[in-house]
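Structure, rendered in structure tokens:
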């Protein structure tokens, strides 16, 4: 019986032919890649910046421009409205606590002060007159009580005498009862008079106490009014330097209007705005460095403001000595440290990183005639250096200027241009 034999698709011959074609394509691709990677270009070394790789101290920091400010500022506002009558100090003067700065005038307050003083004097006179009247009334009541006591004693004497005579049948019952009723009447009269005297004494004390309290409240109001008049003379609350003084003779100032500020003389601080990119890396106590006239000074972050608008605002204070030749409002460049200082392999910053992304660099040979493309890996950076993690060692020289037009080259031939 005949059997149909299926024709094979992948014969040994076809497999060999296909393998040969793939090998040729791979070789051609490798050749092309090698040709492109080994592309050369002659470059005048004077157009390049060649820098040496070094090992040294490296610290990640961000440069910012700060503004010098006093550590503490007291704003001076007018506690009472009025017209500027006198300006007693010059802007920029150093003041002592309580020293007058500006004298205001307010006729309404002065008139109110006079009216309140008059009211207090009237109330005090009324209190004095009332106290005298009550005292006179009490004296009259005491005299009345003395007279009643005398009549009571006389009635008692007659009663006791008539009682004895009545018991001895010398006088009639009618006479005895008359003296007895008179004696009881005088007793009751004395009791009521003493009760009225006690009640009048309590009432008198209450009335005088209420009037004294009223006088006390009015005197307290009068003292408050005097303080308001005293506030028309604006004084320095502490020692410091007056700045931004804003007042002219005859100018009307309303209550709460800013007239200047008092800068404390205890020290200076620097306020700067940091890019919000670094917001998670800023913290109180962070080290800051500044140079004034070529001399380095140390600062530290003391306050971080929570509001973030165009950046993160921070205050920095000097640690140790404060420069003597800086002034309020002066701009001061500072370097805000983002890491501790360590030893690292570093390469100067340049335009090369824009084309290479920190993945490769042109490394110059020992005799300086050629530069070869070399793979590297960069880490941290600051305005001066990149940190080199792999690919370079101290003493190597690399091209750090821009690689514009060189990005596809594998080798640069450094030849000076012939004139």
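Residue numbers (our numbering): 23 to 441.
Ideal placement from N, C-alpha and C gives every residue a C-beta, glycine not left out.
Of all the options 277, 336, 283, which has the alpha carbon lying nearest to the alpha carbon of residue 304? Of the candidates 277, 336, 283, 336 places its Cα closest to the Cα of residue 304.
In chain order, which beta strand (DSSP E) runs of at least 3 residues are fully inside the segment 335-410? For secondary structure counted as the beta strand (DSSP E) over 3 or more consecutive residues, the segment 335-410 holds these complete runs in sequence order: 353-359, 364-370, 382-386, 392-397, 399-403.
What is the rounded straight-line gap between the Cα of residue 132 and the Cα of residue 293? Cα-Cα distance, rounded: 44 Å.
When burial is assigned at 16 or more other CB atoms within 10 Å of the CB, is residue 40 buried or exposed? By the neighbour-count criterion, in which a residue is buried when 16 or more other Cβ atoms sit within 10 angstroms of its Cβ, residue 40 is exposed.
Keeping to the same chain, check which residues put their C-beta closer than 8 Å to that of residue 59; ignore five residues upstream and five downstream. Low confidence applies here, because residue 59 scores a pLDDT of 48, under 50, leaving its location unreliable; read the following figure in that light. Once the five neighbours on either side are set aside, the close Cβ partners of residue 59 are 395, 432.
N- and C-terminal bounds of the alpha helix (DSSP H) containing residue 317: Run containing residue 317: none in the alpha helix (DSSP H); it sits in the beta strand (DSSP E), 317-330.
Going straight from the alpha carbon of residue 286 to that of residue 261, what length do you get? Computed Cα separation, rounded: 7 Å.
Should the segment 131-146 be regarded as contacting the segment 236-245, the criterion being three or more beta carbon pairs within less than 8 Å? These segments touch.
Is residue 148 a contact residue of the ligand GDP, with contact defined as CB to any heavy atom under 7 Å? With respect to the ligand GDP, the structure shown offers nothing to examine, as it has no ligands at all.
Determine, using beta carbons only, whether residue 311 and residue 106 come nearer to each other than 8 Å. Contact: no.
Under 8 Å, do residue 84 and residue 354 count as touching if we go by C-beta distance? Going by C-beta atoms, residue 84 is not nearer than 8 Å to residue 354.
What three-state label does DSSP hand residue 234 in the structure shown? In the structure shown, residue 234 sits in a helix (DSSP, three-state: H, G or I).
Would you say the segment 307-327 touches the segment 336-348, given that touching needs at least three Cβ pairs under 8 Å? Output reads yes: the segment 336-348 touches the segment 307-327.
If you drop the 5 nearest sequence neighbours on each side, which residues of the same chain put their C-beta closer than 7 Å to that of residue 128? Excluding sequence neighbours, residue 128 sits near 102, 103, 104, 254.
Rounded C-beta distance between residue 367 and residue 416? I'm assuming under 8 Å. Contact between residue 367 and residue 416 holds: CB atoms are separated by about 6 Å, below the 8 Å threshold.
So, with DSSP's three-state summary, where would you put residue 432? For residue 432, the secondary structure class from DSSP, reduced to helix, strand or coil, is coil.
Inter-residue Cα distance where the pair is residue 120 and residue 361: About 47 Å.
First and last residue of the beta strand (DSSP E) that includes residue 147? From DSSP, residue 147 is part of no beta strand (DSSP E) but of the alpha helix (DSSP H) over 129-189.
Would you call the segment 149-166 and the segment 181-199 touching, i.e. three or more CB-CB distances under 8 Å? At 8 Å Cβ cutoff, the stretches do not touch.
As a quick exercise: from 419, 276, 145, 295, pick the residue whose alpha carbon is nearest that of residue 235. Of the residues 419, 276, 145, 295, the one whose Cα lies closest to the Cα of residue 235 is 145.
Under 8 Å between the Cβ atoms of residue 392 and residue 358? It is not a contact, given that the beta carbons lie outside the stated cut-off.
Reference residue 331, options 288, 298, 290, 222, closest by Cα: Of the candidates 288, 298, 290, 222, the one whose C-alpha sits nearest the C-alpha of residue 331 is 298.
Just list the residues that DSSP pairs residue 99 with in beta bridges. Beta-bridge pairing links residue 99 to 280.
Measure the beta-carbon distance from residue 405 to residue 73 and round it to whole angstroms, keeping in mind my assumption that it falls under 8 Å. The beta carbons of residue 405 and residue 73 sit about 15 Å from each other, so the pair does not count as a contact at 8 Å.
Residue 408 and residue 400: beta carbons closer than 8 Å? A contact, by the Cβ cut-off of 8 Å.
Whole-angstrom C-beta distance between residue 124 and residue 269, which should lie under 8 Å: The C-beta distance from residue 269 to residue 124 rounds to 5 Å, short enough to fall under 8 Å.
Rounded to whole angstroms, what's the CA-CA distance from residue 171 to residue 216? Just pull it up for me. The straight-line gap from Cα to Cα measures roughly 10 Å.
Is the beta carbon of residue 334 closer than 8 Å to that of residue 295? Using a Cβ distance threshold of 8 Å, residue 295 and residue 334 count as a contacting pair.
Option nearest residue 174 by Cα separation, candidates 157, 210, 197: Per the Cα distances, 210.
State the DSSP-derived secondary structure class of residue 302, mapped to helix, strand or coil. In the structure shown, the three-state DSSP call for residue 302 is helix.
In this structure, what does DSSP give as the bridge partners for residue 313? Partner residues in the beta bridge of residue 313, as assigned by DSSP, are 318.
Using a 10 Å radius around the Cβ and a threshold of 16 neighbouring Cβ atoms, would you call residue 143 buried or exposed? So residue 143 counts as exposed.
Mind checking which residues open and close the beta strand (DSSP E) that includes residue 91? Unbroken beta strand (DSSP E) run through residue 91: 83-92.
Rounded straight-line distance, which links the Cα of residue 163 to that of residue 213: Take the alpha-carbon of residue 213 and the one of residue 163: they are about 13 Å apart.
Where does residue 68 sit, in a helix, a strand or coil, going by DSSP? Residue 68: helix per DSSP, three-state reduction.
Taking the alpha carbon of residue 279 as the point to measure from, which residue in 100, 426, 230, 94 has its own alpha carbon closest? Proximity to residue 279 across 100, 426, 230, 94 peaks at 100, based on C-alpha coordinates.
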